[in-house]
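Chemist: Using my numbering, the final residue of the sequence shown is 1482, and nothing's skipped along the way.
Sharing a structure here in structure tokens format.
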Amino acid sequence: MEPNDPKTPKGITRRDALKLSGLAVGGLAIGSTMIGSSVEKATAAEACLPVKPCHWKSLSLMTERYSYFERLPTYNPLDPNDPNTPLQPDEMRITFLGSCIPPVRRAQQMMSIFVEVGNAMGKADQFVFDCGSGVCANYGAMGIGFGRMDKVFIAHLHGDHMSDLTHIYCFGPSADRKSPLYVWGPASSGVESPKGSNKYYEDGTKAFCENLRRAMRWHSESFSFQTTSYPGYTPPTKESWGLPVDPVPVDDDPANDAFAMVPIELQWWKYGEVEGDNVAYHNKETGVKITHFPVIHCRKGSIGYKLEWNGLTMIYTSDTKPEIHSIEQAINGGKGVDVFIHEMVVPAEVWAFKNMGLSAPPEPGDPLYNTFLDTVEGLKNVQNSSHTPQGAFGYLLSQINPRPRLTVATHFPVANDTVACALNSVQAHCPDIQKIGPELIWSFDLMVLRVTKKQIKQLRAIVPEFGYSPVAHMPSSTMNPPKYSTADGKPDPFAQIDLTTEIPAKDAQGNCNYRDDGY
């Protein structure tokens, strides 16, 4: 059933309505049969009382640092002798390469999470979840090369979640990704744009990949004097990777070529009500199963992901308003999950005065007061269409039983002041959470979680500020000739350029103009 099919239920289904019976707070309703939490929870009246002020004037230690992250144990991911560097066979490793909401800030890049699993169930495997602007610098600093970034799962097609896909796609082939780029994401929204127009855009992942491939044609051709494939690569099939669709490149690139872009489009409205209807990836060789579920963010066609492997489970909701699927997925049939990563935003008031460059809300009579009120109102509209503010996050967490082993708030502008404010709001709903750390943390760029059945170890990666590209690990010692090559199959860097105006290293008489080795 397509999302714009007139047979598609409008609103909620009877099954969802039954879930929603019982308890309702602040517009978020969760059925009492689904929650049954035994952990300490605040009453509705207590949870909606005013919280402590959320601004600290001119205190740089509160507004310019994230002390919790600074105190984490460190490790060097580029040092093979560091005991935390090798991925263990039974380990799921979650690394935050981006963790923030727009607008951009130096301390945090946009969203991206890298998940690796060991070889306890066969081969090791790895995945990129979202790839917003600026994150490739962090991937490079962590020593994560493009060859390990070939499977990208996009939660929704906002720029802060997919804009670095351009960089991953364009520069992977000239590094060590010598095979296609596979991109998972939601199908078209099916939203009439606007209502009454009878116009429906092709706004899904396949159309996005088709257009990106076309837009990058000049880049891909200009770089194709370099090798982009190797003998012996066998493209995956729908069966071998447990995919919902056949993996077919969007353009005329060979199916084994690094400039082939392969969309795996997901029916975003499915969530496992029918067994297996929401499987995005299920690789029997590695043991990894990834499913998806719909969330509420701006426009139909936003999803969250659940990754299951070797008895460990991670959820990444990406951006969403508070909604029931995230809770149901986290309850996980009563088994719970190991790591629950859910977005959180600051209240509209805090967002407003921060964006206006203020340290606190202006008082009535201040020349900026009316502008502040207008800004708050505009940001409330953004919040209402898209996001989970910190108080709603606390309520949502209070409804999950059993609680996740570790809950991670992400997509959040982290500093001591914003985190302290957010913790106040969470504690209004979850008074048993006394501090940051054991059960609840706020993510930050280069935060690493080493997850096993015995423990979840939190680390801070120490990386070079002036590093270079990661060491390339070529998949084969033999490469196919590049598209633009000489008669003997060697790269031809001159095939696409006009040399008539070139200043050569030596003039016609053989005199040296400059060294041809670059010095």
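Even for Gly, the Cβ is constructed at its ideal location relative to N, Cα and C.
All of these numbers come straight from a predicted model, not from anything done at the bench.
Would residue 1414 be called buried (16 or more neighbouring beta carbons within 10 Å of its own) or exposed?
Modeler: Buried.
Chemist: Since residue 1176 is in the alpha helix (DSSP H), which residue starts that stretch and which ends it?
Modeler: That run of the alpha helix (DSSP H) goes 1168 to 1178.
Chemist: Is it right to say residue 997 is buried, meaning 16 or more other beta carbons lie within 10 angstroms of its own, or is it exposed?
Modeler: Confidence at residue 997 is low in this model, with a pLDDT of 32, below 50, so its placement is unreliable and the value that follows should be read with caution. Its Cβ being crowded by 16 or more others within 10 Å, residue 997 is buried.
Chemist: Which same chain residues, not among the five before or five after residue 1338, have their C-beta less than 6 Å away from its C-beta?
Modeler: Only 1315 meet the Cβ criterion.
Chemist: Decide if residue 1207 is buried, meaning its Cβ has at least 16 other Cβ atoms within 10 Å, or exposed.
Modeler: The residue in question, residue 1207, is buried, as its Cβ has 16 or more Cβ neighbours within 10 Å.
Chemist: May I have a chain-ordered list of the alpha helix (DSSP H) segments no shorter than 4 residues that lie completely inside the stretch 1223 to 1299?
Modeler: As far as the stretch 1223 to 1299 is concerned, its whole alpha helix (DSSP H) runs of at least 4 residues are 1287 to 1294.
Chemist: Could you tell me if residue 1174 is buried or exposed, where buried requires 16 or more neighbouring beta carbons within 10 angstroms of its beta carbon?
Modeler: That one is exposed.
Chemist: How big is the Cα-Cα spacing for residue 1004 and residue 1361?
Modeler: Spanning the two alpha carbons is a distance of roughly 6 Å.
Chemist: Measuring CB to CB, does residue 1284 end up less than 8 Å from residue 1259?
Modeler: The answer is yes: Cβ separation under 8 Å.
Chemist: With burial defined as no fewer than 16 other Cβ atoms inside 10 Å of the residue's Cβ, what is the status of residue 994: buried or exposed?
Modeler: Confidence at residue 994 is low in this model, with a pLDDT of 31, below 50, so the placement of that residue should be treated as unreliable; the coordinate-derived value is given next. Result: buried.
Chemist: Where DSSP assigns a beta bridge to residue 1204, which residues make up the other side?
Modeler: DSSP, once it has assigned bridges, lists no residue as partnering residue 1204.
Chemist: Any contact between the stretch 1408 to 1425 and the stretch 1037 to 1046? By contact I mean 3 or more CB pairs, one from each, below 8 Å.
Modeler: Judged by Cβ distances under 8 Å, the stretch 1408 to 1425 makes contact with the stretch 1037 to 1046, as three or more pairs qualify.
Chemist: Tell me whether residue 1471 is buried or exposed, calling it buried when 16 or more other Cβ atoms sit within 10 Å of its Cβ.
Modeler: Burial call: exposed.
Chemist: Do residue 1166 and residue 1264 come within 8 Å of each other at the CB atom, strictly closer than that value?
Modeler: Yes, the pair counts as a contact, with Cβ atoms nearer than the cut-off.
Chemist: Of the choices 1418, 1200 and 1311, whose alpha-carbon is the least far from that of residue 1209?
Modeler: Nearest option by C-alpha distance: 1200.
Chemist: Should residue 1272 be labelled buried (16 or more other beta-carbon atoms within 10 Å of its own) or exposed?
Modeler: By the neighbour-count rule (16 or more Cβ atoms within 10 Å), residue 1272 is buried.
Chemist: Below 8 Å CB to CB, which residues in the same chain sit around residue 1293 once its five sequence neighbours on both sides are set aside?
Modeler: Only 1278, 1299, 1300, 1303, 1363 and 1367 meet the Cβ criterion.
Chemist: Would residue 1250 and residue 1241 qualify as a contact pair, given that the criterion is a beta-carbon distance under 8 Å?
Modeler: Cβ distance not < 8 Å, so residue 1250 and residue 1241 don't count as in contact.
Chemist: Does the separation of the CB atoms of residue 1149 and residue 1050 fall below 8 Å?
Modeler: No. Outside cutoff.
Chemist: Between 1106, 1191 and 1377, which lies nearest to residue 1144 when the distance is taken from Cα to Cα?
Modeler: Residue 1191 is the option with its Cα nearest to residue 1144.
Chemist: Alpha carbon to alpha carbon, how far is residue 1153 from residue 1030?
Modeler: Approximately 44 Å, taken between the alpha carbons.
Chemist: Label residue 1289 either buried or exposed according to how many other C-beta atoms from any shown protein chain fall within 10 Å of its C-beta, with 16 as the threshold for buried.
Modeler: The residue in question, residue 1289, is buried, as its Cβ has 16 or more Cβ neighbours within 10 Å.
Chemist: Can you give me the Cβ contacts of residue 1359 inside the same chain, cut-off strictly under 8 Å, excluding the 5 residues immediately before and after it?
Modeler: So the list reads 991, 1285, 1289, 1290, 1305 and 1351, once near-sequence residues are dropped.
Chemist: Count the other CB atoms, across all protein chains shown, that sit within 10 Å of the CB of residue 1399; report buried if there are 16 or more and exposed otherwise.
Modeler: So residue 1399 ends up on the buried side.
Chemist: Are the CB atoms of residue 1156 and residue 1186 nearer to each other than 8 Å?
Modeler: No, the pair does not count as a contact, with Cβ atoms beyond the cut-off.
Chemist: Within 10 angstroms of the Cβ of residue 1239, are there 16 or more other Cβ atoms? Answer buried if so, exposed if not.
Modeler: Exposed, since its Cβ has fewer than 16 Cβ neighbours within 10 Å.
Chemist: Pop quiz: residue 1188 and residue 1454 are said to be a contact at Cβ under 8 Å. What is the actual Cβ separation, rounded to whole angstroms?
Modeler: Right, their Cβ atoms sit about 5 Å apart.
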